[in-house]
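Input: a single structure, listed below in structure tokens.
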Amino acid sequence: MKMFKEAGYEAEFFKKLTDNADFAQEREIINTGLKRPLWWSVKNVRKGEPSLNTSIIKCTSCRQSPRVQKACFAMLLKAIKKARRSKKTEKFICLNNFNGFCMPVVQGGNVYGFIGLCHISEQLPGQSIALLENFINIVAKDIQKELELSKLYETIRPRAIALSTVHTIHRLISSTLDLDELLPRIARLSIQVMQANRCSVKLLDPERNILVPVTTIDIRTKRKLNPKELRVGKGVPGKAVKAMRILKGRDFLSVPLIDEEVMGVITIYDKVNHNAFTQFDQEILMTIAEQAVIAIKNAQLYREQESLAINSVKSLATILDTRGPSAFIPRTAFVRIVLEIGKELHFSQLDLRCLRCAALLHDAGQIFVPDEILSKPSKLTGEEYDLVKEHPAHGAKIFEPTKYLKPVIPIILHHHENYDGSGYPNSLKGEQIPMGARIMAVVSAFLAMTTPRSYRVTKTITEAREEITRNSGSQFDPKVVSIFQKVIDRKEVLAIVEGEYASELAQVPTGSDIF
48 MKMFKEAGYE
58 AEFFKKLTDN
68 ADFAQEREII
78 NTGLKRPLWW
88 SVKNVRKGEP
98 SLNTSIIKCT
108 SCRQSPRVQK
118 ACFAMLLKAI
128 KKARRSKKTE
138 KFICLNNFNG
148 FCMPVVQGGN
158 VYGFIGLCHI
168 SEQLPGQSIA
178 LLENFINIVA
188 KDIQKELELS
198 KLYETIRPRA
208 IALSTVHTIH
218 RLISSTLDLD
228 ELLPRIARLS
238 IQVMQANRCS
248 VKLLDPERNI
258 LVPVTTIDIR
268 TKRKLNPKEL
278 RVGKGVPGKA
288 VKAMRILKGR
298 DFLSVPLIDE
308 EVMGVITIYD
318 KVNHNAFTQF
328 DQEILMTIAE
338 QAVIAIKNAQ
348 LYREQESLAI
358 NSVKSLATIL
368 DTRGPSAFIP
378 RTAFVRIVLE
388 IGKELHFSQL
398 DLRCLRCAAL
408 LHDAGQIFVP
418 DEILSKPSKL
428 TGEEYDLVKE
438 HPAHGAKIFE
448 PTKYLKPVIP
458 IILHHHENYD
468 GSGYPNSLKG
478 EQIPMGARIM
488 AVVSAFLAMT
498 TPRSYRVTKT
508 ITEAREEITR
518 NSGSQFDPKV
528 VSIFQKVIDR
538 KEVLAIVEGE
548 YASELAQVPT
558 GSDIF
């Protein structure tokens, strides 16, 4: 059995038919009743004639000479032409008076090819030919359905992947609004969906006309990549941005990120299977890019709002500082040490931002405490101390209407709780106290002891550290104390503490220590 390979649907259909296992079994059944029959097949050719060669002719007598061979081919071509016109099985007499027939494979009025049988010494009954025709028609219909389903799947698959990609990116957008987290996730998704080795995302700096690399991932290497900035118009990404259109090559696919104007570009390189990027790949990356634009724009808007909120917090902290340095501990050192401990505890970026805001605003409630109490040079009375202890609740109440600061409120409210439950305002203990509040309790106590005050002896840094350690497990969380001691050993942190210590010492303010 031999079939000439042709491109296209007809070739695929006819190959599946001639390679079909059931058809092979049917041939064996027919062969048992005949003496060495010769089967042959040829795909239909719409223009010109089928090209037959000697490989499909097994009969020795047909290869005796070029003249005999030519006569054999002419006889077969005549039978094929007749069967093509009639679309019915045509019998013929081959060389040496052997019987043969040519059966067209017809589906939906189209002739896909021809199956022939010759070198038959017996007269093949018409009923047997009819049975073979019916069998081939049944097999052909099944193959046609299979191919149609396959084509339908190939048509639907890109849309299904596109929908899945949209859903996945939607989940990415919902999970984070931090560009530093979002863009690497989009790059990894692109690599996974496109089955590529490398993906880069660059954002446009319109003032400099430069593409700034924000994330580049290559699954072929574990080392950190440091791509350089790229001028618009240079390289594949730069050309895609300048032309504001997709660029596709065998080993790259670059899609500009466009909202009202170009925002950047996403580029993938090198298929894992070394194949070329296809139109299907282009459609999928376009879908990813469209969703990425939405995600990036949302993240940028969030970053702008966040920056505005942080600046508002800083402004409020500055206003609180004008109340007088006696009411507060050194703010720069306090924020720095608190954040360093948070990093050691593997706080997320969001948690660190909340911790920073809490560190800046933790004593905002002191504005409700009378100045004469805050600046009192002697020891506070019980009633005065009760007023001071209300400041965390006052601070929390100030920020309740501010949605951005809601995660910060529990830290502000409970930063005077003690680990053993002896603190205020709610006598929380252990894990009941927010971790941010436990961190601030240690740092504020340390800075309160090392900040000069006229009404008590100021402790040295070493003495204050020893005091913190002595109260580990009672006033302070032992885990936080351990990390605090490690952080305070850092030269850059110690330099800030000593610098602010010198500044406070020069002022020698008076006032009540509420820590």
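So the sequence shown is numbered by the working numbering: it starts at 48 and just counts up by one.
All C-beta atoms in this analysis are idealised placements derived from N, C-alpha and C, irrespective of residue type, glycine included.
All figures in this text were calculated on a predicted structure; none of them were measured in a lab.
- For F145, no beta strand (DSSP E) run applies, since DSSP gives it neither H nor E.
- In the displayed model, G163 falls within a strand according to three-state DSSP.
- By the Cβ neighbour-count rule, V534 is buried, with 16 or more other Cβ atoms within 10 Å of its own.
- By the criterion of a C-beta distance shorter than 8 Å, T497 is surrounded in its chain by T505, K506, T507, I508, A511, V544 and Y548, once the five residues flanking it on both sides are discounted.
- DSSP links I257 through a beta bridge to D252 and R278.
- In this structure, the straight-line span from the alpha carbon of T65 to that of K138 is close to 20 Å.
- DSSP, read as helix, strand or coil, puts Y200 in helix.
- The beta strand (DSSP E) runs lying completely inside the stretch 293-366 and spanning 3 residues or more are 299-305 and 309-318, given in chain order.
- According to the DSSP assignment, V89 belongs to the beta strand (DSSP E) that extends over L85 to K90.
- Counted as a single uninterrupted DSSP element, the alpha helix (DSSP H) harbouring K444 occupies residues H438 to F446.
- R400 sits in a helix when the DSSP states are folded into three classes.
- Bounds of the alpha helix (DSSP H) holding Y432 are G429 to V435.
- CA-CA distance, M482 to G389, rounds to 9 Å.
- Closest option to L178, judged by alpha-carbon separation, among M150, H166, G546 and L399: M150.
- Pairing I480 with C404, the inter-Cα distance amounts to about 18 Å.
- A direct Cα-Cα distance of roughly 36 Å separates A346 from K538.
- In the three-state scheme derived from DSSP, where H, G and I count as helix and E and B as strand, Q191 is classed as helix.
- Residue pairing by DSSP places I264 opposite C246 in a beta bridge.
- As a beta-bridge residue in DSSP terms, F523 pairs with S519.
- Under the DSSP assignment, S237 falls in the alpha helix (DSSP H) whose first and last residues are L226 to M241.
- The C-beta separation of V152 from F161 comes to about 7 Å, placing the pair in contact by the 8 Å criterion.
- Taking a C-beta distance under 8 Å as the contact criterion, I305 and V248 do not qualify as a contact pair.
- Sixteen is the threshold: when 16 or more other Cβ atoms of the shown chains lie within 10 Å of the Cβ of S491, as they do, the residue is buried.
- Minimum Cα-Cα distance from A406 among the listed residues Y466, P454, V435 and S474 corresponds to P454.
- Secondary structure of P454 (DSSP, three-state): helix.
- Pairing N67 with V158 gives a Cβ-Cβ distance that is not under 8 Å.
- In the three-state reduction of the DSSP assignment, V382 falls in the helix class.
- Between the alpha carbons of K476 and P439 lies a gap of roughly 16 Å.
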